[in-house]
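Peer 1:
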Amino acid sequence: MTIVHHPSEETLVTFVAGSLCEGNSLVVATHLAHCNECRSAIRDMTELAGGILEQGDVTEITEATRNAALDKLDDTPIEARPDPIAMAPADRPLAPLSIYEGGKWQWVGPGVYRQFIDVPNDTGTRVFMLKAAPGTRLPDHRHVGTEWTCILKGAFRHDHGRFGAGDFDEADGRHDHNPFVEEGEACICLVALNGHVEMTGWLGRLIQPFVRL
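Position one of the sequence shown corresponds to residue 4 (this note's numbering), numbered consecutively onward.
1. State yes or no: is the beta carbon of G148 nearer than 7 Å to at least one beta carbon in chain C?
2. Using the C-alpha atoms, what's the distance from T139 back to P10?
3. What's the call for P113, buried or exposed, on a 16-neighbour Cβ count within 10 Å?
4. Is DSSP giving V122 helix, strand or coil here?
5. How many whole angstroms separate the CB atoms of I154 and G169, which I take to be in contact at a CB cut-off of 8 Å?
6. Distance check for W151 and F171, CA to CA, integer angstroms please.
7. Pull up the DSSP beta-bridge partners for N27, would you.
8. Looking only at its own chain, which residues have a Cβ that is under 7 Å from the Cβ of E173, when we skip the five neighbours before and after it?
9. Kindly identify the DSSP beta-bridge partner or partners of G164.
10. Assuming T33 contacts P99 under a Cβ cut-off of 8 Å, what Cβ separation, rounded to an integer in Å, is found between them?
11. What is the DSSP secondary structure of I6, counted as helix, strand or coil?
12. Using the beta-carbon count (16 or more within 10 Å), is L121 buried or exposed?
13. So E188 and F159 are in contact, right, with Cβ under 8 Å, and what is the actual spacing, rounded?
14. Going by DSSP, which residues form a beta bridge with I191?
15. For the beta strand (DSSP E) that contains E12, what are its first and last residues?
16. Would F18 be called buried (16 or more neighbouring beta carbons within 10 Å of its own) or exposed?
17. Nearest to L23 by alpha carbon, out of K107, D162, G127 and E50?
18. When the Cα atoms are used, what is the spatial distance from L35 to L193?
19. Based on the DSSP output, what are the partners of Y116 in its beta bridges?
20. Can you look up D47 in the DSSP assignment and give me helix, strand or coil?
21. Tell me which residues share the same chain as R165 and place their Cβ nearer than 7 Å to its Cβ, disregarding the 5 neighbours each side in the sequence.
22. In three-state terms, what does DSSP make of T33?
23. The beta strand (DSSP E) that contains E173, what's its start and end?
Laid out in structure tokens, this is it:
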């Protein structure tokens, strides 16, 4: 299986700079554990940032400098991407997620369960595992805020493509979603949600009082 969807360049740069909250950093780091391509990009970004700092008297990275760094990354040969790392047989995968405590699985809606992850939070970001049964179709919804998702097991589809193990789904208020979990196995994801999910369509509005994400 090949990883198709990755964090944006802006997200990776912010991750390297240490400017993400711990919840969002955890989701990015979990993707990095799967993705050789993004790990290579992170290494290159770190080396470039170190080179800039060694020049001295640098207090701000300008947009031109940032764009030049990203252009250089485009010229860097990328190693062949391996299949996603094997996940532990339990619902909880290996590091980096395994160092955090998880709560009990809670029913969210038909075929859908959530487990909150105990991540220090000072930005309003909620981190949780989401598990959906094969064939589950979630109601149409939009995001008020941001939702970053790393798929750990199984796969789902929505208007922006297919997302399988290792893929990273970066959504915000510009995206309306109607995810459908593929048949075969449950889909388990790690999610960092800032804001909330707003259901759309008649069915979504009907069940909104009973679904809390």
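Glycine is no exception: its CB is placed at the ideal position from the N, C-alpha and C atoms.
Peer 2: So, from the data block:
1. Looking for chain C here will not work: only one protein chain is present.
2. Here residue 10 corresponds to residue number 7 of the sequence shown, with the count starting at 1. Here residue 139 corresponds to residue number 136 of the sequence shown, with the count starting at 1. Those two C-alpha atoms are separated by around 25 Å.
3. By 1-based counting over the sequence shown, the position of residue 113 is 110. Exposed, because fewer than 16 other Cβ atoms sit within 10 Å of the Cβ of P113.
4. As a position in the sequence shown, residue 122 is number 119, starting the count at 1. Here V122 sits in coil by DSSP.
5. Looking up residue 154 in the sequence shown gives position 151. Looking up residue 169 in the sequence shown gives position 166. So it is a contact: roughly 7 Å between Cβ atoms.
6. Counting from one through the sequence shown, the residue named residue 171 turns up at place 168. Counting from one through the sequence shown, the residue named residue 151 turns up at place 148. Going from the Cα of F171 to the Cα of W151 covers about 7 Å.
7. Numbered from its first residue, the sequence shown carries residue 27 at position 24. BP columns for N27 are empty, so no partner.
8. As a working mapping, residue 173 is identified with position 170 in the sequence shown. The residues are P10, S11, T14 and W151.
9. The residue labelled residue 164 in the question sits at position 161 within the sequence shown. According to DSSP, which records beta bridges pairwise, G164 is partnered with H161.
10. As a first step, residue 33 is located in the sequence shown; it is residue number 30 there, counting from the start. As a first step, residue 99 is located in the sequence shown; it is residue number 96 there, counting from the start. The pair is a contact, with the Cβ atoms about 6 Å apart (cut-off 8 Å).
11. The residue you call residue 6 lines up with position 3 of the sequence shown. The answer is coil: DSSP assigns I6 none of H, G, I, E or B.
12. Counting from one through the sequence shown, the residue named residue 121 turns up at place 118. Leu is not the amino acid found at residue 121; the sequence shown has Asp there. With fewer than 16 Cβ atoms within 10 Å of its Cβ, D121 is classed as exposed.
13. Here residue 188 is taken as the residue at index 185 of the sequence shown, counted from 1. Here residue 159 is taken as the residue at index 156 of the sequence shown, counted from 1. Their Cβ separation, rounded to whole angstroms, is 11 Å, which puts E188 and F159 out of contact at 8 Å.
14. Sequence index remark: in the sequence shown, residue 191 carries index 188 (1-based). DSSP lists K134 and K156 as partners of I191.
15. Position 9 of the sequence shown, counted from the first residue, corresponds to residue 12. Unbroken run through E12 is the alpha helix (DSSP H), E12 to A20; no beta strand (DSSP E).
16. Numbered from 1 along the sequence shown, position 15 holds the residue referred to as residue 18. By the 10 Å Cβ count, F18 comes out buried.
17. Taking the first residue of the sequence shown as 1, we reach residue 23 at position 20. Checking every option, the nearest Cα to that of L23 belongs to G127.
18. The sequence position of residue 35 within the sequence shown is 32, counting from 1. The sequence position of residue 193 within the sequence shown is 190, counting from 1. Between L35 and L193, the C-alpha separation is close to 13 Å.
19. Along the sequence shown, read from residue 1 onward, the residue named residue 116 stands at position 113. Note: Y116 sits in a beta bridge opposite W110 and K134.
20. Here residue 47 corresponds to residue number 44 of the sequence shown, with the count starting at 1. Residue state, collapsed to three classes: helix.
21. Start at 1 with the first residue of the sequence shown, and residue 165 comes out as number 162. Excluding positions up to five away in sequence, the list reads A158.
22. In the sequence shown, residue 33 corresponds to position 30, counting from 1. Correct three-state label for T33: helix.
23. Taking the sequence shown and counting its residues from 1, the one referred to as residue 173 is at position 170. Note, E173: beta strand (DSSP E), F171 to A174.
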